Structures are given as structure tokens and as C-alpha cells.
Amino acid sequence: MALIDAQVHFLEECVVLVHIPLELYPYFLKSVLRLILDETPPLEDKTDDDAALDDFDNASEHGSAYKPPAFMNVSITPVEVSVMCPRRLVDKYFVPVMDQLDQLDTSLRSRLIVSENDYIAMQVLGQGLEAGKRVLELTSPLALAGISIFFISTYFSDYIVVPKQSKASVISALEKRGFQFNNTSAAFITSPLSPTTERRLSDLIPPGTPPPSTLGELQTRTFNNLRKNQITPSVDDSLRLVQCAAHHEYHTQESSMSILRDALTTVLLVDEPRFLSLTLAALDPAASLLLEKRLLPRFARQSTSSTGTRSYEDGSGLLLGSKEDHLIPITLDLRDLPLEASGIVCGVAGRLADAATVPHPHPHALPDSAIDSAIDSGASSVIGSVPNLFDSFGTRLAALSIDKSAHGLHTLPSHHLQPGVDVADAVEISFLSTARAGTIIVGEDELRRAIGALEEERRLEPGLEGASLESQTPPDSPLRR
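For the sequence shown, position 448 matches number 448 in the UniProt record's numbering, and the numbering has no gaps at all.
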């Protein structure tokens, strides 16, 4: 299958990566809030009424001078709090708190990680193939070139984040892949003659290691490193997520953060979210949110009509998107790996895609009652031996049918990773790469079947008998419920 039309746009402003351990997050809650509310300037402390009014007027005019970040992501996950934003904002909101921690206890300060290198974000847009295959086509040459990759799916598009120092290598790799660089728009456009081949993908390449010469070698390195570092993807089935975007009404010019300000502030201060990811991108029409379904009532907007006051308790007042399509995160804890090697989500997805070739379910699949028991237990399912498990795990997922229904004004971007498998049988996933973790987002229906595959795999594979159901949220985490 050929890419009919795809573009990759470089965003102008660089970002840095910040990793905040969950137990230190309370120290940085104010920093996170101020970052999110950066477009709102503080009022000066003045006693003169006229001066105070002048400050209010200046704050109202702040929007004209405000410089929004070209790309920003703030994510709270069971592993970490992660921030991707311009360095100027890290210096403004996070460095002062880091200096204070350094004075209190140097060991606390040392546990935070701020990337020394700058990163650039690229937006992926296109038509013709499903989004996931488009992404795999774009990122596989980057992985082969030894370029560390972070990946974020928003409500509107996909973003690849790579080291700034690798930009020349990125351009070269994409040009070799058949893309043509447009200097006027800083974008790559696919060539009609661009060759396409079935690709595997992995971006777990340890720093200092020569890049692999073949895709097979690249994939082998990925799972050797996973096995070496005892990284096992975990499923917290107590989390139910929804993918949404800020709802801009036609008659208003409000910014996304102006729309979401009160709700986000309440959520962060009162509700202690276990999972929330906010993405702002200059090329997206609105802010994107991936958050727990239980938080939706905070985003209700009351509307007064001729019949009275109506409240949108499902969050449909402030948010666009389906509120009924529940998503479940599959998390990879990458804290024991170098920062440059943490863009691993696409590697696992590529392995799933490569394995997704069997058209029928496994004949020994668990009955629904066993699956229900695993799901209803409220525990988290731990995926066992990664190299062996994913060989058949991806195969079984691809063989499972997916019930599709349309909700809301937009649908969640779907990533059907195996081009040779019928779309109706492919596994829909999206990605979230953070500073020290990788998350694959799957639909609740897919997770139900995935647990069945995992339980059956554990029963059949002697090496997986030790895998058990357990929570992946640290007991001492302030976010644990």
C-alpha cells in the first residue's frame, strides 16, 4: 500500500523533557499549574485603586504580547509526572523550585531529570493509509538511523519528538525514504514514487551503540534490551480514559486554556488525577486532553435555555469527543533506562504489527467468564516475558474483532498497525511517550480480549507462570487511591 498524501511539519520552538517522580510532584504542583496558566499574567501588588485597575487592563491586553509554546505536553501517569515544553518555561516555573529543593536536600534535587539536549516536535498529517501505518512508515527510517523517538497522539494528529541535534539526520533519513523537503513551509511531502515496504519499528537504541543495519536487527535489539532490563508492560484496568479536545464555540475567541482553566485547576488541586495528559500544539486547532472518565463532570458547562438550566455532566460542555469510548493504558516503566532510550512505545507497537497476521482467534482462548473475572478483580494485569509473549500476544490481538461505533463530533485517531490485515480485525491503539515512560492506549473492548490472551498465554507458557495480577501504582505515591 502506498502513502497517498502525508506531510511532516517541523514546529519552530524547541522543547526540553522534565521527569518529576510522583513523590516529589506535590513540590511542583504550583509549577505545573503556572505552566498551564502561563497566558494569564499575575497582578501586581499595589494599594492604589487606579494602579490596580491599570494592572487589570494590562493583564487583559497580555494576550497580544503572550508567546504561546509551539508544543507543550504535561502528563500525569502511574509512573511519573512528565513535562515537555520550551526551556524558557522550565527556567521560569520549575528551576526556582528545583533550587529550593537543592537547598533542602540535594538528594531530592538529583532525582529530577531535565534533559540537557533540546528536542523538536514534528506534526504528522496525511490521508490514504490509517494513521498508525503512516506513523510506522515515517518513524522506521528514523529508528534505523539511530534517532531516539518520542511519540504523542493528540485528538487531532500525531507528533514525533526527536533530539534537535538529530534534525539533519532526520531530514536525511526522510529524504532517503522518498520524502521531499519544502524549505518554504519547513515540511516534508511524500513523493508519488515513494517506495513503500512493510516495516517493523523500534526506537530503543542505547546511546553510543551503532545503529542496526537491518530492521530485523533493530527489532531484536529492542526486545533484548527489554528483557535485559526486566521491563514488563503493565495494564491498570482500574483506569478508564477518554480522549477529548477543548470545545471552542463559534461565537467566542477564547483560547483553549481560557476555556479549560477553571476545570483543570480544580482537577489538579482537588481530584489528584492518576492519569491526565494535556497537549498544546500550535498546529492543532485546540488543546487535547487524555484523562480519566471520572473527571469529566469537572468539565461540565451550564447552559441556560428557554426551558431552563441544563448541565452537561459528561463534560460535553467544555470538551469535544466521545465520552463513551473508554480507553485503557498499557504502561512501560522506563525509569531504569537512559533518557535517550525511552522512546520505546513505537517499538512495541511495531512488534505487535509484525505479529498481527493470524486471521482467526487462538483455539484455546479463555472463556468469557475467565476474562470477566480478571477484569472485575480490579487488579492490574502484568504482561510477563516480553520477547515470547508479544510473539503471540500481537497475533491474538489482531485476530480479535472490534466493535466500532460513532460518538460525538470527532472520532479518536485510530492506528491500525498491520496493513495486510483487514481494518475491522486490526487493533486500534494510540501512543503517549513521556520522559521516563511509554504508554500504549487501547480501547476497553480490546483490553477485555487482551486480558484473555494474556491469561491464556500465561497458562500455556511455562515461563510465564510467575506473572501475577498486581497494582503498578507505587504504594507510597501521593496519587495512589
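C-beta: ideal position from N, C-alpha, C; glycine also. Predicted, not measured: the structure shown is a model, and the values here were computed from it.
Per DSSP, the bridge partner or partners of I14: The amino acid occupying residue 14 in the given sequence is Cys; Ile does not appear at that position. According to DSSP, which records beta bridges pairwise, C14 is partnered with nothing at all.
For S288, the first and last residue of its enclosing beta strand (DSSP E): For S288, the enclosing beta strand (DSSP E) starts and ends at S288 to E292.
Inter-residue spacing [alpha-carbon to alpha-carbon] between D237 and E254: 36 Å
Start-to-end residues for the beta strand (DSSP E) that takes in Y159: D158 to P163
Sequence-distant residues of its chain with Cβ nearer than 6 Å to S75 (five each side left out): Counting only Cβ-Cβ distances below 6 Å, and skipping sequence neighbours, we find S82, S277 and T434.
D91 classed as buried or exposed, judged by whether at least 16 other C-beta atoms fall within 10 angstroms: exposed
Continuous beta strand (DSSP E) stretch holding residue 487: start and end: Outside the shown range of the chain (1 to 481) lies residue 487, about which nothing can therefore be said.
Same chain, Cβ closer than 6 Å to G317, five either side skipped, listed in chain order: Excluding residues within five positions, the ones whose Cβ falls inside 6 Å are A300 and R301.
Euclidean distance between Cα positions of residue 482 and A65: Here the chain covers residues 1 to 481 and nothing more, so residue 482 does not appear.
DSSP state of S300 mapped onto helix, strand, coil: Contrary to the premise, residue 300 reads as Ala rather than Ser in this sequence. Reduced to three states, the DSSP call for A300 is coil.
Buried or exposed by the 16-neighbour rule on C-beta atoms within 10 Å, applied to residue 486: Outside the displayed span of the chain (1 to 481) sits residue 486, for which this structure offers no information.
Three-state secondary structure assigned by DSSP to V79: coil
Residue nearest to I152 in terms of C-alpha spacing, selected from T439, E446, G443 and E444: T439
Cα-Cα separation, A79 to F156: For the sequence presented, residue 79 should be read as Val rather than Ala. When rounded, the distance between both Cα atoms is 25 Å.
For P329, the residue or residues it bridges with in DSSP: Bridge partners of P329: I441.
Inter-residue Cα distance where the pair is A168 and A282: 23 Å
Where the beta strand (DSSP E) through I152 begins and ends: F150 to S153
I113 vs L339 beta-carbon contact at 9 Å: yes
Which residues DSSP lists as bridging T279, in chain order: N73 and S288
Residue burial classification, P69 (beta-carbon count within 10 angstroms, cutoff 16): Around the beta-carbon of P69, 16 or more other beta-carbon atoms lie within 10 Å, marking it buried.
Alpha helix (DSSP H) segment containing S322, residue limits: Note, S322: premise wrong, no alpha helix (DSSP H); not H, not E.
Straight-line gap, T266 to H326 (C-alpha atoms, nearest Å): Roughly 22 Å separates the two Cα atoms.
Bridge partner(s) assigned by DSSP for S433: G438
Environment of R436 [buried if 16+ CB atoms lie within 10 Å]: buried
Neighbour-count burial assignment, residue 483, 16 or more Cβ in a 10 Å radius: With the chain covering only 1 through 481, there is no way to say anything about residue 483.
Limits of the unbroken beta strand (DSSP E) element including V235: DSSP places V235 inside the beta strand (DSSP E), whose first and last residues are S234 to D236.
Where the alpha helix (DSSP H) containing T106 begins and where it ends: Counting along the chain, the alpha helix (DSSP H) containing T106 begins and ends at T106 to S110.
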